[in-house]
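Engineer: One structure, as structure tokens, below. Some questions next.
Numbering (our numbering), first residue to last: 1 to 405.
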């Protein structure tokens, strides 16, 4: 008795197997470039079939590797699989041939010859020791430099950086001749310790009259970011001014706080704060109301244990004003507002800065005095002033004229 089997393709059993189709193949690829070879089967296969694709030379990689395995099933046999064939960059100036083979246990070997076509152009070869992507302050990097190709004449390579405030290196050029072009020369770079900075990307360019190479690296931050906004939210920290309360081991920051109806605010944190959770926000506007005390600048009167904050008071015709608080203020209720404009008219107290004259028991404030031709002004007051009546205004523009302050 014979049985019937329907829907089964016996052709593969009788030698009619699918063959491998390769499209978009190229026999040469420029160094550094990639070409996508596309591979599929000519027909649906019976069962799973695998093809091992291998490069015999590191000059050519396949999907970033020396070899890859393609798997075809009855469902995906006719779908193209991509082989990203790349001509890898190397230091030599030779075009290299590579055999790319397609091997399986069901199909005869296919072999393609692909050439990594060298650009055949001069290049500056730069390597770093140590090869770290980031460095700490005070560390050093040694760059080793040479040419890839023998030049016809001397080539001068000049190290150049736009980060000269952070880097120190010899500005002397490296001279390469037709005889020493492939002998490494060193450029030693030191990362200076004098600067404080957050994470920063730096670069140095090795520049000649025909080409250049830029090397980049980052400097590990030696400043730590801490959110000290004490829950004040967005736009709460405009134009900050900082001072250290050594008596109570606190860091104090005065701000123009948009989030608190544009009032003068104070943030107080422990000097040892690690995450800002101990920080406190205090309204120190002393009843001056919305949008009044702008551009705050702060100093500490250690003798009287007071916090002095000077500001441009928009509510008082942009004259110079001061708020004095106890260093230990908890809610700003002890803060006192004082007009220290010393009779100067409108717009005379712009962008103030303050300092303490301990020897004479004074505090000094410098401002841009718009009414006085944008000249520099100085205000001098007693540290214990109560109403500003003892404050003195002095034009300290030293004859520099309008727009000098």
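We treat Cβ as the ideally placed atom computed from N, Cα and C, and that holds for glycine.
In this text, all values refer to a predicted model and were calculated from it rather than measured experimentally.
Pick helix, strand or coil for residue 1, following the three-state DSSP scheme.
Structural biologist: The pLDDT assigned to residue 1 is 33, lower than 50, so where the model puts this residue is not dependable; a value taken from the coordinates is nonetheless given after this. If DSSP states are grouped into helix, strand and coil, residue 1 belongs with coil.
Engineer: Could you check if residue 70 is buried or exposed, using at least 16 other CB atoms within 10 Å of its CB as the buried criterion?
Structural biologist: buried
Engineer: Between the Cα of residue 68 and those of 50, 76, 182 and 226, spot the shortest distance and give me the residue it belongs to.
Structural biologist: Of 50, 76, 182 and 226, the residue nearest in Cα terms is 50.
Engineer: Would you mind working out which of 186, 34 and 83 sits nearest residue 130, comparing C-alpha positions?
Structural biologist: 186
Engineer: CA-CA distance, residue 375 and residue 333?
Structural biologist: Note on geometry: alpha-carbon atoms of residue 375 and residue 333 lie some 36 Å from one another.
Engineer: What is the rounded straight-line gap between the Cα of residue 408 and the Cα of residue 188?
Structural biologist: Summary: the structure shown does not reach residue 408, with the chain confined to residues 1 through 405, and so no result is reported for it.
Engineer: Between the C-alpha atoms of residue 394 and residue 319, what's the straight-line distance to the nearest angstrom?
Structural biologist: 15 Å
Engineer: What are the residues that DSSP puts in a beta bridge with residue 190?
Structural biologist: 140 and 168
Engineer: Is the number of C-beta pairs between the stretch 258-278 and the stretch 217-236 that are closer than 8 Å three or more?
Structural biologist: yes
Engineer: Run through DSSP, which three-state label would residue 315 get?
Structural biologist: helix
Engineer: What does a CB cutoff of less than 7 Å around residue 138 pick up in its chain, not counting 5 residues either side in sequence?
Structural biologist: If you ignore the 5 residues before and after residue 138, its C-beta comes within less than 7 Å of the C-beta of 191 and 193, all in its own chain and listed in chain order.
Engineer: Where does the unbroken beta strand (DSSP E) through residue 449 begin, and where does it stop?
Structural biologist: With the chain covering 1 to 405 only, the question about residue 449 has no answer from this structure.
Engineer: On the criterion of 16 or more Cβ atoms from any shown chain inside 10 Å, does residue 386 qualify as buried, or is it exposed?
Structural biologist: exposed
Engineer: Does DSSP put residue 230 in a helix, a strand or coil?
Structural biologist: coil
Engineer: From residue 256 to residue 144, what distance separates their C-alpha atoms?
Structural biologist: 51 Å
Engineer: Relative to the alpha-carbon of residue 407, which residue among 347, 309, 215 and 330 has its alpha-carbon at the smallest distance?
Structural biologist: Since the first residue of the chain shown is 1 and the last is 405, residue 407 is not available in this structure.
Engineer: Could you compute how far the alpha carbon of residue 328 sits from the alpha carbon of residue 311?
Structural biologist: 21 Å
Engineer: For residue 330, report the span of its beta strand (DSSP E) as first-last.
Structural biologist: No beta strand (DSSP E) holds residue 330; DSSP gives it neither H nor E.
Engineer: Residue 183 by DSSP, collapsed to three states: which one?
Structural biologist: coil
Engineer: Might you give, ordered along the chain, the residues of its own chain that have their beta carbon closer than 6 Å to the beta carbon of residue 86, omitting 5 neighbours on each side?
Structural biologist: 34 and 61
Engineer: Looking at the secondary structure, which residues open and close the beta strand (DSSP E) in which residue 406 lies?
Structural biologist: Past the boundaries of the shown model lies residue 406; the chain is included only from 1 to 405, so the question cannot be answered.
Engineer: So residue 59 and residue 96 are supposed to be a Cβ contact under 8 Å. How far apart are they, rounded?
Structural biologist: About 4 Å; that satisfies the 8 Å criterion.
Engineer: Helix, strand or coil for residue 370? Go by DSSP, reduced to three states.
Structural biologist: helix
Engineer: For residue 111, I'd like the list of residues in its chain whose CB is within less than 6 Å of its CB, leaving aside the five on either flank, ordered along the chain.
Structural biologist: The answer, listed in chain order, is 99 and 101.
Engineer: Rounded to whole angstroms, how far is the Cβ of residue 361 from the Cβ of residue 382, which I believe are closer than 8 Å?
Structural biologist: 6 Å
Engineer: Here's the rule: buried if 16 or more other CB atoms are within 10 angstroms of the residue's CB, otherwise exposed. What is residue 184?
Structural biologist: exposed
Engineer: Looking at residue 396 and the ligand FAD, is the gap between the Cβ and the nearest heavy atom below 7 Å?
Structural biologist: The ligand FAD is absent from the structure shown, which contains no ligands of any kind.
Engineer: Starting from the C-beta of residue 66, find all residues in its chain whose C-beta is less than 6 Å away, skip the five residues before and the five after it, and write them out in chain order.
Structural biologist: If we look at residue 66 and ignore the five residues flanking it on each side, its Cβ neighbours are 55.
Engineer: Which of the three DSSP states, helix, strand or coil, is assigned to residue 65?
Structural biologist: Collapsing the DSSP output to three states places residue 65 in a strand.
Engineer: Under the DSSP definition of a beta bridge, which residues are partnered with residue 129?
Structural biologist: Its beta-bridge partners are 142.
Engineer: Rounding to the nearest angstrom, what Cα-Cα distance links residue 212 and residue 30 in this structure?
Structural biologist: The straight-line gap from Cα to Cα measures roughly 21 Å.
Engineer: By DSSP, does residue 382 sit in helix, in strand, or in coil?
Structural biologist: strand
Engineer: Rounded to a whole number of angstroms, what is the C-alpha to C-alpha distance between residue 341 and residue 166?
Structural biologist: Separation of residue 341 and residue 166 (C-alpha to C-alpha, rounded to the nearest whole angstrom) is 42 Å.
Engineer: Quick check: what's the CA-CA separation for residue 108 versus residue 36?
Structural biologist: 23 Å
Engineer: Whose C-beta lies closer than 6 Å to the C-beta of residue 160 among residues of the same chain, with five residues either side of it excluded?
Structural biologist: Cβ neighbours of residue 160 beyond the five flanking positions: 205 and 207.
Engineer: Buried or exposed for residue 407, please, with buried defined as at least 16 other CB atoms from any protein chain shown within 10 angstroms of its CB.
Structural biologist: Nothing about residue 407 can be read from this structure; the chain reaches only from 1 to 405.
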